[in-house]
Amino acid sequence: MIKKSIYILFLSIFLLAACQPAPAEPVDEPSPAEIEVTMPGRVFDPVEVTIEVGTTVRWINTDNEFHTVTAGTRDNPTGLFDAPLDPGEEFSYTFDEPGTYEYHCIPHFGMDGVVIVE
Ligand SMILES: [Cu+2]
6 MIKKSIYILF
16 LSIFLLAACQ
26 PAPAEPVDEP
36 SPAEIEVTMP
46 GRVFDPVEVT
56 IEVGTTVRWI
66 NTDNEFHTVT
76 AGTRDNPTGL
86 FDAPLDPGEE
96 FSYTFDEPGT
106 YEYHCIPHFG
116 MDGVVIVE
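Just add 5 to the spot in the sequence shown (first one is 1) and you have my numbering.
Here it is, written out as structure tokens:
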């Protein structure tokens, strides 16, 4: 008799668990776009990227020396961003307005890049 009660108890627990609503499926939202620019030396790679509004650009200093990711040109920095990056460090910026965004590395003349936001 006790055995049967235990059996019914376990069966009930099993049925209760089986009847729980399945966990909601994750909604298939498009993940925020992100693009990577590396620094394999005194150069941004790729030098020019074209992205959609709302895309995040992630710069990764893959070099073994210090670089910066500084908005604007050498002669005319815009102040939008200015990230000093030691080797291995990274910096992300999300572009919310269309436009052409030039940037450069302060210590290295000629180390320039551009982000075109459409
Ligand atoms: Cu540099």
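Don't be surprised by glycine CBs; every beta carbon is placed ideally from N, CA and C.
All values derive from a computational prediction rather than experimental measurement.
Residue i in three-state terms, based on DSSP
| i | result |
| --- | --- |
| M116 | coil |
| A38 | coil |
| I121 | strand |
| P103 | coil |
| I111 | coil |
| P45 | strand |
| T73 | strand |
| T78 | coil |
| I13 | In this prediction, I13 scores a pLDDT of 49, lower than 50, which makes its location untrustworthy; the coordinate-derived value is nonetheless stated afterwards. Reduced to three states, the DSSP call for I13 is helix. |
Selected residue, minimal CA-CA separation from residue i, among the options
| i | options | result |
| --- | --- | --- |
| P45 | Y98, P103, E94 | E94 |
| T105 | S97, G118, H113 | G118 |
| E70 | F100, E107, Y108, R47 | R47 |
| Y98 | E53, T61, V52 | T61 |
| V52 | E107, V122, H113 | E107 |
| D68 | M116, V122, E57, V120 | M116 |
| E123 | A88, I65, D101, P82 | D101 |
| E92 | W64, E39, E41 | Note on identity: in this sequence residue 92 is Pro, with Glu being the wrong assignment. It is W64. |
| F114 | H72, I40, E41 | H72 |
| G59 | D50, A76, A38, P89 | A38 |
| D139 | I111, E41, D50 | Limits of the chain in this structure are 6 at one end and 123 at the other, which puts residue 139 out of reach. |
Boundaries (first-last residue) of the beta strand (DSSP E) holding residue i
| i | result |
| --- | --- |
| T67 | Segment: none, T67 is in no beta strand (DSSP E) and carries neither H nor E. |
| P82 | 82 to 90 |
| E94 | No beta strand (DSSP E) contains E94, which DSSP labels as neither H nor E. |
| E53 | 53 to 56 |
beta-carbon residue i near ligand 1 non-hydrogen atom, thresh 7 angstroms
| i | result |
| --- | --- |
| R79 | no |
| P45 | no |
| P103 | no |
| P92 | no |
| P112 | yes |
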